[in-house]
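Participant: Residues 75 to 623 (the numbering used here) are what the sequence shown spells out, left to right. Dropping the structure in here first, questions after.
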Amino acid sequence: MKKLLFLTALLFQIYFSNAQETGYFYGGLESNSQWLQTDEGINFLAPEDQFRANNYILLNYNLGKFTAGVQYESYLPSALLGYDPIFDNQNNVATYYFNYKDESLDITGGYFYEQFGSGLILRSWEDRQLGLNNAFKGLNINFDATKDLSLKAVFGKQRYGFEESEGTIQGLDADLSLSGALNIESIDIQLGASYVGRNQDTNGVEAIPTTVGAYGGRLDFIIDNFYAGVEAIIKDPDVIANEGQIASNKLYDGTALQVNAGYAQKGLGINATFRRLENFSFFSDRLAEGNIFNQQVINYVPGLTKQQDYLLTNIYVYNPQPRLIIESFDQRAGEVGTQFDLYYTFKKGSALGGRYGTKLAMNFSYWGGLDAEYNIENRWYKAKFIGKGHQLFRDFNLEIKKKWSKEWSSVLTYQNVIVDKGIVEGGPLGNTAILANIGVIETTKRFNDGKALRMVAQHLWSKDDRKNWAAGVLEYNFSTSLAIYAADNWNYGGIDKIHYYSVGGSYSQGNTRLGINYGRQRGGLICIGGVCRFVPENTGLSANLTVAF
């Protein structure tokens, strides 16, 4: 609280001492709360803290080239269900910063977010729905040395709850426009190089390295409608940890390789991505490896699959598997796989396009564990580059968007997915696979004055896991400000025939939005942008309030 009062006073002092100049405040408030209730239908017993809330207040002040800000957070009496318990019963200033920015120089002191390249070697960001905020506390410098060369430098510790990580992070990044430097107009070529290091006390254990570094390079180019890129990273040898304990003093290096290519023109888009990760977990604390809350993660390793929009298509999702584990109960060395996207628009007036045209999207992804040999007694392994590793996830989906008239439009979706049950439940891999087929029909009817009715019917067929599901959503928008909905997710093929029902609505006015819903939350993975967290089944009333100013 003292930090909050000090920084708020500092912001006001800057404001009033420069009243003759033009400055302004901006920021926002977000409150997410829930009232949990015991529900025997899903065997959920409400915890002692039935009411839980995550609250965030962000205040920034800008004056010319200077900006300062502070974010206050409270998790009282406890954080929302499924968030790291480290936040429970906590409230304080979470982040603060002071920034100077001109045409060529951008310097931030305090907490900051940064990304090198695609983020595969370093990315810090905030996602409140995931309970993830891995901001760095220290110094961040961005400098445009020339119009073609940009440099970045970071130094500091990473946020962990309201504290900082044990390890200190330092990093350097360079981006060079080779086309600009060589005056090449026919092709756009970008080169990049990065270094990220973690320095952490070993408490006198000489077998453990004090500093572990990762070194990466990338190349991207665009020729007319074609684009491609490659990024490769190697990580210094380091120990591996499991559930907060070092497995052994033996050291293992890590590698990452990602290649993407695509073609785009009016009405057609093609994109393909290949990625291979071997022992490529990277945390600001060596003991944080394997934590299920994504705390202290340095780099960004999303699941490269289609991000789904519906209740049933989000049951069997993929959580990336970059870890190395050499144990009797589980052996894995990383993942390798690919994703392919195709987008095509049938022209208006054609046989399949009709009066308004038709949009087709197709996605295929395959991810498998690395093909490797393991010696558990000696903590040794050897992995092939690709090989024939165990299948972890395979997904094919097809989406058709069709506008029938000015009032009616539809979306048809089909998905065929196979996923390792260990991915879904978070356990050992390779024991059981789940095969499911999902069909979705979505129809929207638009009326005058912003009114609209949205209807979604879904079905999942499976002989595995919890068998068949059926789901429906009915949503009505009275205007662009007010909407209500009712949804049901029915596991009629399972043993208990459970309904995961939900009703609610939202109201927006200007920069303020309030959403309220009541119902059951299906347990499992919730993924945003390819990053996932586990949520236990629960029942209760939830509310979300956001205000921007």
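A virtual CB, placed ideally from N, CA and C, is assigned to each residue, including glycine.
Mind checking isoleucine 389: buried by the 16 CB within 10 Å criterion, or exposed?
Facilitator: Burial call: buried.
Participant: According to the neighbour-count rule (16 or more other Cβ atoms, all chains shown, within 10 Å of its Cβ), is glutamine 532 buried or exposed?
Facilitator: Flag for glutamine 532 reads buried.
Participant: Return the CA-CA distance between threonine 169 and threonine 141, expressed in angstroms with no decimal places.
Facilitator: Using only the alpha carbons, I get a separation of about 14 Å.
Participant: Taking C-beta to C-beta, are glycine 184 and tyrosine 171 nearer than 8 Å?
Facilitator: Yes. Within cutoff.
Participant: Is it right to say arginine 292 is buried, meaning 16 or more other beta carbons lie within 10 angstroms of its own, or is it exposed?
Facilitator: Arginine 292 should be labelled buried.
Participant: How about leucine 137 and glycine 97: do their beta carbons lie closer than 8 Å?
Facilitator: Going by C-beta atoms, leucine 137 is nearer than 8 Å to glycine 97.
Participant: Glutamine 489 and threonine 387: beta carbons closer than 8 Å?
Facilitator: A contact, by the Cβ cut-off of 8 Å.
Participant: So, helix, strand or coil for alanine 93, using DSSP?
Facilitator: For alanine 93, the pLDDT reaches just 45, beneath the cut-off of 50, and the residue's location in the model is therefore unreliable, although a value from the coordinates is still provided. Correct three-state label for alanine 93: coil.
Participant: Taking the alpha-carbon positions, what's the glycine 461 to isoleucine 508 distance?
Facilitator: If I take the Cα positions, the gap works out to 23 Å.
Participant: Runs of 4 residues minimum, wholly inside the segment 238-305: which ones carry the alpha helix (DSSP H) assignment?
Facilitator: With a minimum length of 4 residues, the continuous alpha helix (DSSP H) runs that stay inside the segment 238-305 are 252-255.
Participant: Among all the DSSP beta bridges, which residues are the ones paired with lysine 324?
Facilitator: Lysine 324 is not bridged to any residue.
Participant: Suppose you measure from the CA of alanine 622 to the CA of asparagine 106; what does that come to, to the nearest Å?
Facilitator: Taking the straight line from one Cα to the other gives about 15 Å.
Participant: Considering only the alpha carbon of each residue, which of Arg429, Leu110 and Ala330 lies closest to valine 304?
Facilitator: Comparing Cα positions, the closest option is Ala330.
Participant: According to DSSP, lysine 477 sits in a beta bridge with which residue or residues?
Facilitator: Lysine 477 pairs with Ser483.
Participant: Where does the unbroken beta strand (DSSP E) through lysine 226 begin, and where does it stop?
Facilitator: Run containing lysine 226: 223-234, per the beta strand (DSSP E) assignment.
Participant: DSSP state of proline 311, grouped into three classes?
Facilitator: DSSP places proline 311 in strand when its eight states are reduced to three.
Participant: Can you tell me whether DSSP reads isoleucine 508 as helix, strand or coil?
Facilitator: Looking at isoleucine 508 - three-state DSSP - the assignment turns out to be strand.
Participant: Between the C-alpha atoms of lysine 422 and tyrosine 430, what's the straight-line distance to the nearest angstrom?
Facilitator: Rounded to whole angstroms, lysine 422 to tyrosine 430 spans 5 Å at the Cα level.
Participant: Roughly how many angstroms separate the alpha carbons of lysine 477 and leucine 225, rounded to a whole number?
Facilitator: Using only the alpha carbons, I get a separation of about 47 Å.
Participant: According to DSSP, arginine 406 sits in a beta bridge with which residue or residues?
Facilitator: Paired residues: Ile399.
Participant: Can you check which of these residues, Val391, Val371, Gln370 and Tyr374, is closest to lysine 380 by C-alpha distance?
Facilitator: Of the candidates Val391, Val371, Gln370 and Tyr374, the one whose C-alpha sits nearest the C-alpha of lysine 380 is Val391.
Participant: So, does the segment 405-421 touch the segment 442-461, judging by three or more C-beta pairs under 8 Å?
Facilitator: Because the criterion of three Cβ pairs below 8 Å is met, the segment 405-421 and the segment 442-461 touch.
Participant: Where DSSP assigns a beta bridge to tryptophan 543, which residues make up the other side?
Facilitator: Beta-bridge pairing links tryptophan 543 to Leu534.
Participant: Given aspartate 123, which residues of its chain have a CB within under 6 Å of its CB, disregarding the five upstream and five downstream residues?
Facilitator: Correct list, in chain order: Pro151 and Ser152.
Participant: Report the partner residues of valine 514 according to the DSSP bridge assignment.
Facilitator: According to DSSP, which records beta bridges pairwise, valine 514 is partnered with Thr487 and Gln532.
Participant: Which residue marks the beginning of the beta strand (DSSP E) containing lysine 175, and which one marks its end?
Facilitator: Run containing lysine 175: 164-175, per the beta strand (DSSP E) assignment.
Participant: Which whole runs of the beta strand (DSSP E) in the segment 173-225 are 3 residues long or more, in chain order?
Facilitator: Correct list: 179-186 and 210-218.
Participant: Can you tell me the Cα-Cα spacing of glutamine 145 and aspartate 176, whole angstroms?
Facilitator: Going by the C-alpha atoms only, they are around 24 Å apart.
Participant: So, helix, strand or coil for valine 333, using DSSP?
Facilitator: Valine 333 falls in the strand class under three-state DSSP.
Participant: Do you know how far the Cα of isoleucine 558 is from the Cα of phenylalanine 403?
Facilitator: Going from the Cα of phenylalanine 403 to the Cα of isoleucine 558 covers about 47 Å.
Participant: How would you label leucine 179, buried or exposed, when you count the other beta carbons within 10 angstroms and need 16 or more for buried?
Facilitator: Label assigned to leucine 179: exposed.
Participant: Determine the direct distance from the alpha carbon of alanine 227 to that of aspartate 359, and round the result to whole angstroms.
Facilitator: Looking at the two C-alpha atoms, the distance is approximately 20 Å.
Participant: Which runs of the beta strand (DSSP E), 3 residues or longer, sit entirely within the segment 84-163?
Facilitator: The segment 84-163 contains these whole beta strand (DSSP E) runs: 97-110, 125-137 and 140-149.
Participant: Terminal residues of the continuous alpha helix (DSSP H) containing isoleucine 569?
Facilitator: From DSSP, isoleucine 569 is part of no alpha helix (DSSP H); its letter is neither H nor E.
Participant: Reducing DSSP to helix, strand and coil, say where lysine 495 ends up.
Facilitator: Correct three-state label for lysine 495: helix.
Participant: Thinking C-alpha only, which one of Val313, Tyr130, Glu188 and Phe348 is nearest glutamine 244?
Facilitator: Comparing Cα-Cα distances from glutamine 244 to each of Val313, Tyr130, Glu188 and Phe348, the minimum goes to Glu188.
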